[in-house]
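Peer 1: Okay, handing you the structure first.
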Amino acid sequence: MAATRVDVTPAAADMMRQLRGQHGPLMFHQSGGCCDGSSPMCYLEGEFRTGGSDVLLQSLAIEGVPEPITFWMSASQFALWKHTHLTVDVVPGRGSGFSLEAPEGVRFLIRSRLLTEAELAELG
C-alpha cells in the first residue's frame with residue numbers, strides 16, 4: 001500500500017459525501033491556529049484561495065464523491081508538520097470556524113502520528 005500524508009475515517013468520509021451532495025465539490029485547508037484552533041476547515045472547492053504559500057498534501061479519493069477532495073496546508077505550517085501523517089475524523093460538537101460541517105452539529109478534527117522512516121522515504 002502506498003504511503004499517504006492524509007487519510008480519512010469512515011465517519012469523516014460519510015460527512016464528506018453528505019457535504020458534497022449538499023454543496024458541490026469540496027476542499028480542505030488545515031488551519032494554522034486561526035478560527036477553530038488547528039482544525040481542518042472544509043470549504044467549497046476554490047472558496048479558500050490557495051497559492052504559492054500553500055502545499056497540496058493530498059487529493060483524497062472518497063468513494064461516492066466524483067472528484068478528488070484536495071487537502072492543503074500553508075507552507076510554513078508544513079515545514080513543522082512534514083514528518084506527520086494526518087487522519088481527518090469527525091466528532092459531535094460545533095466548531096467555531098467557517099467550515100461547511102458546522103451547521104450539521106459536528107466538526108472535523110485531525111488525529112496525527114509521526115510518519116515512519118519507510119513512509120518518509122517513499123513520500124520524499
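For the sequence shown, full-length UniProt numbering assigns the number 1 to the initial residue and increments by one for each residue that follows. Where is the CB? At the ideal position from N, CA and C, for every residue including glycine.
#1: May I ask whether a heavy atom of the ligand GTP can be found less than 7 Å away from the beta carbon of residue 72?
#2: Measure the alpha-carbon distance for residue 141 versus residue 82 and round it to whole angstroms.
#3: Candidates 42, 102 and 14: which alpha carbon is nearest residue 63's?
#4: For residue 6, list the residues DSSP reports as bridge partners.
#5: Is it true that the CB of residue 88 sits closer than 8 Å to the CB of residue 40?
Peer 2: Let's see:
#1: Although the ligand GTP was asked about, the structure shown includes no ligands whatsoever.
#2: Given that the chain is displayed from residue 1 to residue 124, the structure contains no residue 141 and the question cannot be resolved.
#3: 14
#4: 86
#5: yes
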